Amino acid sequence: MARSFVGFDIGTDNVKVAFRDRGLRFLSRRLPENVMNEEGIVSPQVMAEFLKKLRVEEGIRDRDCAIVLTEQRSYFRHVSLPPMTTSELKINLPYEFRDFITEDPDAYAYDYAVDDMVCDEDGRLARMELYASAVRRSVMDTYADILKHAGFRLRVVTPSSMAYMHLMHAHNVEHPEDAGRDIVVVDIGYNQMNISLFEDDRFMGSRVVDSGCVDVDSAIAEMRDVDLHVAGTYRDSNFEGVLDTDRCRSVFDRLVFEVSKVVNFYNFSNPDKDIKGIYLSGGGAAIPQLVSAMGMDFDYPVWYVNAFMPDEVRTRTDNIVCSLAYAALVAGEEASRGA
Numbered sequence: 010m011a012r013s014f015v016g017f018d019i020g021t022d023n024v025k026v027a028f029r030d031r032g033l034r035f036l037s038r039r040l041p042e043n044v045m046n047e048e049g050i051v052s053p054q055v056m057a058e059f060l061k062k063l064r065v066e067e068g069i070r071d072r073d074c075a076i077v078l079t080e081q082r083s084y085f086r087h088v089s090l091p092p093m094t095t096s097e098l099k100i101n102l103p104y105e106f107r108d109f110i111t112e113d114p115d116a117y118a119y120d121y122a123v124d125d126m127v128c129d130e131d132g133r134l135a136r137m138e139l140y141a142s143a144v145r146r147s148v149m150d151t152y153a154d155i156l157k158h159a160g161f162r163l164r165v166v167t168p169s170s171m172a173y174m175h176l177m178h179a180h181n182v183e184h185p186e187d188a189g190r191d192i193v194v195v196d197i198g199y200n201q202m203n204i205s206l207f208e209d210d211r212f213m214g215s216r217v218v219d220s221g222c223v224d225v226d227s228a229i230a231e232m233r234d235v236d237l238h239v240a241g242t243y244r245d246s247n248f249e250g251v252l253d254t255d256r257c258r259s260v261f262d263r264l265v266f267e268v269s270k271v272v273n274f275y276n277f278s279n280p281d282k283d284i285k286g287i288y289l290s291g292g293g294a295a296i297p298q299l300v301s302a303m304g305m306d307f308d309y310p311v312w313y314v315n316a317f318m319p320d321e322v323r324t325r326t327d328n329i330v331c332s333l334a335y336a337a338l339v340a341g342e343e344a345s346r347g348a
């Protein structure tokens, strides 16, 4: 039986939490100013106190937790390797990230999950198809220490792409009619948009665009002569209709254009794929004007990633930005049952 987990998605400007308490609950809270930046956590002590206060105020009883790391803080890729033992894999995995990691490879922790074992015509193992990840050890240690001081136990760390795979797999088991589709997931974060292609529930690749909600906040900050933190609160509430201004519409159009370039690249590079839909997540998915612009631009249906959540919460509005937190929860529970 799987243990109950708390799922965390800690972004640059807010923290998202998913946990079970007589049903699924979702929380999204704006972080105090200057706790995080695009490099990571600036003030671990303030972060720990913030999460501890959140745990107490919201009555979160479970202690085991899983955290999802975005492309900014982890590496994730699909690799093909000849047959080898587990000990040989430990030696070879760092080599698979040589194009990404230019510093000491020992500063990173590596892990893998089996995608497929391919045999030759004689039935002998020919190659291994794996999902491999690399995370800086200091990042994991920092998160583990913060969560410990907040009253949690960090059990699982998962890259965002793997977390989405867990989410899609769980959905496809319950809804086999949705299996086998090619889809694109657009995670609209604060500093970046991560645009990933999935075949069924298998990660095929991703592209990162260095634009996101910060572009919206910057436009609001200039229009209203406020700092970025205050501009973010204006974005959250559409203060005085600021998201409906021509300036913000221009930003939305530019973000949509960046996404369309990547989707067109996927279509060109994968002529055998038949994309059935685009799924939005992240803070940008909570901006109705941006979601509307996406829907008008693409020929594919545009949905929220929470379409992959359980039926009883799929239509709730409080989980739009919490999809990765819920995916982390699912990853933790699957890990605890040995899936």
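Numbers 10 to 348, taken from the working numbering, label the letters of the sequence shown in order. Virtual Cβ for every residue (Gly too), placed ideally from N, Cα, C. Nothing here was measured: the structure is a model prediction, and the numbers come from that model.
The continuous stretches of beta strand (DSSP E) do not include residue 99, which lies in the alpha helix (DSSP H) extending over residues 95-101. In this chain, residue 110 is not harboured by any alpha helix (DSSP H), its DSSP state being neither H nor E. Within the DSSP bridge table, the entry for residue 151 names no partner. The beta carbon of residue 69 lies closer than 7 Å to those of 15, 28 in the same chain, with the five residues before and after it left out.
Sequence-distant Cβ neighbours of residue 51 in its own chain, meaning closer than 8 Å and more than five residues away, are 43, 44, 45.
The region 335-343 makes contact with the region 175-194: 3 or more CB pairs, one atom from each, lie closer than 8 Å. The beta-carbon distance between residue 200 and residue 47, rounded to whole angstroms, is 5 Å. This is short enough to meet the 8 Å contact definition. Annotated three-state conformation of residue 309 is coil, per DSSP. At a Cβ-Cβ threshold of 8 Å, residue 150 and residue 53 do not count as neighbours.
Spatial neighbours of residue 214 in its own chain (CB-CB distance under 6 Å, excluding positions within 5 residues in sequence) are listed in chain order as 206. The DSSP assignment places complete alpha helix (DSSP H) segments of no fewer than 4 residues inside the region 150-215 at 169-183, in order along the chain. For residue 273, no beta strand (DSSP E) run applies; the uninterrupted alpha helix (DSSP H) run containing it begins and ends at 255-278, by DSSP. DSSP places residue 40 outside both helix and strand once states are collapsed to three, so it counts as coil.
Taking C-beta atoms as the reference points, residue 330 and residue 25 count as a pair closer than 8 Å. Counting other Cβ atoms within 10 Å of its Cβ, residue 127 stays below 16 and is therefore classed as exposed. Distance between residue 94 and residue 137, taken at the CA atoms: about 11 Å. Here the region 156-168 makes contact with the region 74-82; the two share three or more CB pairs at distances below 8 Å.
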